[in-house]
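Colleague: Chains as they are written, first to last, in our numbering: chain Z, 1 to 245; chain F, 1 to 494.
Note that beta-carbon positions come from the ideal geometry of N, C-alpha and C, so glycine has one too.
On a predicted model such as this, the values are computed, not experimentally measured, just so you know.
Just dropping this structure here.
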Ligand code: SF4
Ligand code: SF4
């Protein structure tokens with residue numbers, strides 16, 4: 001089913017989407033998307049959506065199952081508190097991606113903004129993953145409690161950092177993998193430690209990098225042959241000693 | 001840098017525990033009852049003064065009245081010199097700030113205006129919470145009304161809700177008692193930021209489901225299970241401070257309900273790092289409305305701080321249907337003592353200024369106000385409503401009904417009354433059915449008293465008291481405070 005989003009307010013567009021899903025539609029193509037917020041917000045089930053244009057903030061918030069492909073850039077707060085499903089962005093994406101995400105996967109071909117993956121948490125069989133093809137901004141993985149953030153740094157400009165400042169602040173679970181170097185003096189410290197990946201890490205990493213390469217038609221071997229670093233929390237109880245017991 | 005090293009200090013005990021061997025029947029009940037492991041048996045009960053928190057469980061359960069507990073010394077400075085740590089506490093602020101409720105009195109009818117006898121006349125306590133339409137067309141014919149959208153509202157049988165207390169901070173039995181009472185009384189309970197336990201789903205039609213910075217237990221099913229969704233920005237007991245459930249309290253069941261791994265700290269920091277402005281708040285409010293297909297009112301809960309009126313106005317303009325104001329005397333499961341006791345402003349002031357600001361801006365109809373944080377009785381409730389609240393929320397009062405003795409050690413997870421603990425040996429002390437009946441009694445009593453008050457004031461519906469500050473007078477308040485409250489001093493007539 002095809003929906004033309006031109007001149008539609010997000011409320012009307014999303015009502016149409018919800019209605020189509022409720023009627024059992026399995027494939028939605030939405031064209032002329034132009035900043036409409038909350039697309040696929042709270043949508044459950046296994047519907048596939050392809051968006052042409054630039055969706056607005058909170059794409060896939062509280063989403064629980066669908067697959068969303070964005071043929072363009074995405075804005076802020078993609079995959080906010082997402083439970084399951086997959087979002088594939090064929091461009092860059094903005095700030096606060098994957099906030100409190102509990103499951104599913106977000107693949108972004110290009111760069112991602114500030115505060116990506118904060119409060120991400122794994123639970124039982126749910127393990128949220130964000131893969132950024134480019135670089136990430138400040139506060140990556142802040143308060144992260146589970147899941148994996150993978151930053152590939154493809155097509156980096158010389159001297160461009162893979163992650164910004166305050167990476168992993170308050171992090172107490174989960175793992176961040178970066179392809180390339182970070183200055184441990186800048187990243188490690190109070191909350192996280194940095195070391196090269198081992199075989200167990202590669203096992204976690206590889207299927208998601210494969211999915212990324214497949215989604216964007218890239219050579220997976222070329223991406224994987226590079227060195228990766230693992231950034232992970234020192235403690236699951238970072239604030240344990242602060243209080244008078 | 002943390003330079004603290006534990007240095008034991010020799011000091012007087014905080015509580016004086018005495019036991020009369022003459023009266024003692026040597027039943028050992030006190031040893032079993034102490035949740036803090038303070039009492040042992042050495043040919044008779046002995047209390048370890050370092051462990052006794054004065055919760056009075058032993059005293060209440062001693063069949064012989066053989067035990068007395070007296071407060072001896074506050075321990076704060078010693079304790080900090082010993083540990084170098086931030087002091088933690090539970091429940092609400094107990095410092096001696098003036099309680100403005102006790103400086104406000106209500107009007108009554110005499111001679112020229114008849115009172116109403118609530119025994120004889122119907123009294124309406126039913127309260128609707130949520131957004132009201134911007135306009136109503138005169139005439140009221142069918143076609144006149146059809147184009148005015150009516151937002152979803154909550155219908156309360158009495159203007160009381162239970163304040164948010166998460167499973168994790170309180171036991172499942174305590175939360176179940178509250179949820180059952182809310183369902184039975186036709187009022188609301190609130191999940192707090194702890195998810196919705198399987199056992200409480202039958203009561204979710206009477207629940208606010210909360211969404212806060214940690215997003216614990218929040219998914220599409222959870223949002224749609226509740227009757228309303230609440231975004232928690234702040235808590236009166238700890239404005240600017242987040243929640244922190246220590247890993248040792250994250251039991252199997254708590255982990256399942258919050259959807260987090262067993263034994264990890266559950267951090268919900270005060271800053272929601274996706275909300276830095278009213279526009280960002282609006283984004284989350286509408287993300288929740290979209291996820292629930294605009295079927296549920298959205299509440300935003302804030303701690304009352306200096307700028308509360310402007311903030312509340314922003315919240316209403318951001319699309320919230322309910323503004324939940326939590327005053328600085330509100331309770332908590334755990335907070336730094338210094339924060340609990342010194343930050344924020346009283347709920348009396350906050351309700352008055354928020355109601356006034358929303359009226360001045362012509363947007364009072366767009367959201368209901370819930371007043372919380374220091375509501376101790378039906379009188380406080382009536383005064384809060386007269387000052388401008390639509391309903392009140394009770395937390396501490398509800399826990400008192402469940403047996404709490406205000407020992408303020410909720411953060412230890414050892415509550416002897418089975419309320420703020422996850423220890424199965426302690427939680428089974430609280431029978432949810434018995435607890436629920438006590439809460440039902442409390443709400444029944446307060447509702448009946450509210451009817452008495454309304455009758456004496458000559459109004460027959462709680463709606464008629466709402467925002468009716470003319471029916472309040474101040475006793476012993478300065479003119480500035482009277483002006484802020486919008487209340488005349490006693491002695492000034494109509
Ligand atoms: S509960 Fe009372 S009577 Fe029983 S052992 Fe303790 S002090 Fe003695
Ligand atoms: S809930 Fe329990 S621990 Fe907290 S103050 Fe009441 S009795 Fe003490």
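Bridge partners of residue 230 (chain Z), per DSSP?
Modeller: In DSSP, residue 230 (chain Z) forms a bridge with Z:177 and Z:195.
Colleague: For residue 63 (chain Z), does the count of other Cβ atoms within 10 angstroms reach 16, so buried, or fall short, so exposed?
Modeller: Buried: at least 16 other Cβ atoms inside 10 Å.
Colleague: Say whether chain F places a C-beta atom closer than 8 angstroms to the C-beta of residue 64 (chain Z).
Modeller: Yes - at least one Cβ of chain F is within 8 angstroms of the one on residue 64 (chain Z).
Colleague: Just to make sure I have the definition right: I need the residues of chain F whose C-beta is within less than 8 angstroms of the C-beta of residue 96 (chain Z). Which are they?
Modeller: Correct list: 273 and 274.
Colleague: If you run the structure through DSSP and keep just helix, strand and coil, what is residue 46 (chain Z)?
Modeller: In this structure, residue 46 (chain Z) counts as coil in the three-state DSSP scheme.
Colleague: Report the partner residues of residue 17 (chain F) according to the DSSP bridge assignment.
Modeller: Bridge partners of residue 17 (chain F): F:69.
Colleague: Which residue marks the beginning of the alpha helix (DSSP H) containing residue 201 (chain F), and which one marks its end?
Modeller: It is not in any alpha helix (DSSP H) - residue 201 (chain F) carries neither H nor E in the DSSP assignment.
Colleague: Just to confirm, are residue 387 (chain F) and residue 360 (chain F) a CB contact at a threshold of 8 angstroms?
Modeller: Against a cut-off of 8 angstroms, the Cβ pair of residue 360 (chain F) and residue 387 (chain F) comes out as no contact.
Colleague: Look at residue 322 (chain F) and residue 266 (chain F) and say whether their C-beta atoms are less than 8 angstroms apart.
Modeller: It is not a contact, given that the beta carbons lie outside the stated cut-off.
Colleague: Quick check on the DSSP output: the alpha helix (DSSP H) that includes residue 244 (chain F) runs from which residue to which?
Modeller: Run containing residue 244 (chain F): none in the alpha helix (DSSP H); it sits in the beta strand (DSSP E), 243-245.
Colleague: Anything with a beta carbon under 6 angstroms from a heavy atom of ligand 2 counts; list them all in chain order.
Modeller: Having a Cβ closer than 6 angstroms to some heavy atom of ligand 2 are F:55, F:90, F:91, F:399, F:404, F:405, F:406, F:407, F:408, F:409, F:410, F:415, F:417, F:419 and F:420.
Colleague: On the DSSP letters alone, give me the boundaries of the alpha helix (DSSP H) that residue 104 (chain F) sits inside.
Modeller: No alpha helix (DSSP H) holds residue 104 (chain F); the beta strand (DSSP E) holding it covers 104-106.
Colleague: Kindly identify the DSSP beta-bridge partner or partners of residue 210 (chain F).
Modeller: In DSSP, residue 210 (chain F) forms a bridge with F:230.
Colleague: Fully enclosed by the segment 288-339 of chain F, which alpha helix (DSSP H) runs are 4 residues long or longer?
Modeller: Those alpha helix (DSSP H) runs which fall completely within the segment 288-339 of chain F and span 4+ residues are 308-317.
Colleague: Give me whichever residues DSSP pairs with residue 189 (chain F) in a beta bridge.
Modeller: For residue 189 (chain F), which the question treats as bridged, DSSP gives the partners F:207.
Colleague: Using the Cα positions of residue 105 (chain Z) and residue 208 (chain Z), report the straight-line distance between them to the nearest angstrom.
Modeller: Rounded to whole angstroms, residue 105 (chain Z) to residue 208 (chain Z) spans 9 angstroms at the Cα level.
Colleague: How would you write the range of the alpha helix (DSSP H) that residue 61 (chain F) sits in, first residue to last?
Modeller: Here the alpha helix (DSSP H) through residue 61 (chain F) covers 57-61.
Colleague: Check whether the segment 472-484 of chain F touches the segment 330-347 of chain F, counting contact only when three or more Cβ pairs, one atom from each stretch, lie closer than 8 angstroms.
Modeller: Verdict: no, contact absent.
Colleague: Given that residue 293 (chain F) touches chain Z, what residues does it touch there, using C-beta distances under 7 angstroms?
Modeller: Per Cβ cutoff of 7 angstroms: 18.
Colleague: Would you mind working out which of Z:93, Z:121 and Z:123 sits nearest residue 114 (chain Z), comparing C-alpha positions?
Modeller: Looking at the Cα atoms, Z:93 is the closest of the given residues.
Colleague: Under DSSP, the beta strand (DSSP E) around residue 26 (chain F) begins and ends at which residues?
Modeller: Segment: none, residue 26 (chain F) is in no beta strand (DSSP E) and carries neither H nor E.
Colleague: So, with DSSP's three-state summary, where would you put residue 148 (chain Z)?
Modeller: In this structure, residue 148 (chain Z) counts as strand in the three-state DSSP scheme.
Colleague: State yes or no: is the C-beta of residue 256 (chain Z) within less than 8 angstroms of the C-beta of residue 127 (chain Z)?
Modeller: Outside the shown range of chain Z (1 to 245) lies residue 256 (chain Z), about which nothing can therefore be said.
Colleague: Spell out whether any CB of chain F is found under 8 angstroms from the CB atom of residue 311 (chain Z).
Modeller: Nothing in the structure corresponds to residue 311 (chain Z), since chain Z is present only between 1 and 245.
Colleague: Would you list the residues whose beta-carbon is nearer than 6 angstroms to any heavy atom of ligand 1, in the order they occur in the chain?
Modeller: Per the Cβ criterion, the list is F:19, F:24, F:25, F:26, F:27, F:28, F:29, F:30, F:45, F:62, F:63, F:64, F:66 and F:67.
Colleague: Note down the Cα distance separating residue 221 (chain Z) from residue 269 (chain F), rounded to an integer number of angstroms.
Modeller: Roughly 40 angstroms separates the two Cα atoms.
Colleague: Are at least three pairs of beta-carbons, each pair with one atom in the segment 279-299 of chain F and one in the segment 62-82 of chain Z, less than 8 angstroms apart?
Modeller: Touching, per the Cβ criterion.
Colleague: Check whether the Cβ atoms of residue 55 (chain F) and residue 409 (chain F) lie closer than 8 angstroms to each other.
Modeller: Cβ atoms of residue 55 (chain F) and residue 409 (chain F): closer than 8 angstroms.
Colleague: How should residue 37 (chain Z) be labelled, buried or exposed, when 16 other C-beta atoms within 10 angstroms of its C-beta is the threshold for buried?
Modeller: When all chains shown are included, residue 37 (chain Z) counts as buried.
Colleague: Please list, in chain order, the chain Z residues whose beta carbon lies closer than 7 angstroms to that of residue 260 (chain F).
Modeller: What residue 260 (chain F) touches in chain Z: 121, 123 and 145.
Colleague: Among the candidates F:416, F:67, F:186 and F:254, whose CA atom is the shortest distance from the CA of residue 205 (chain F)?
Modeller: For the residues F:416, F:67, F:186 and F:254, the minimum Cα distance to residue 205 (chain F) belongs to F:186.
Colleague: Could you list the residues in the segment 166-177 of chain Z with a C-beta less than 9 angstroms from some C-beta on chain F, going in chain order?
Modeller: Hits within the stretch, in order: 170, 172 and 173.
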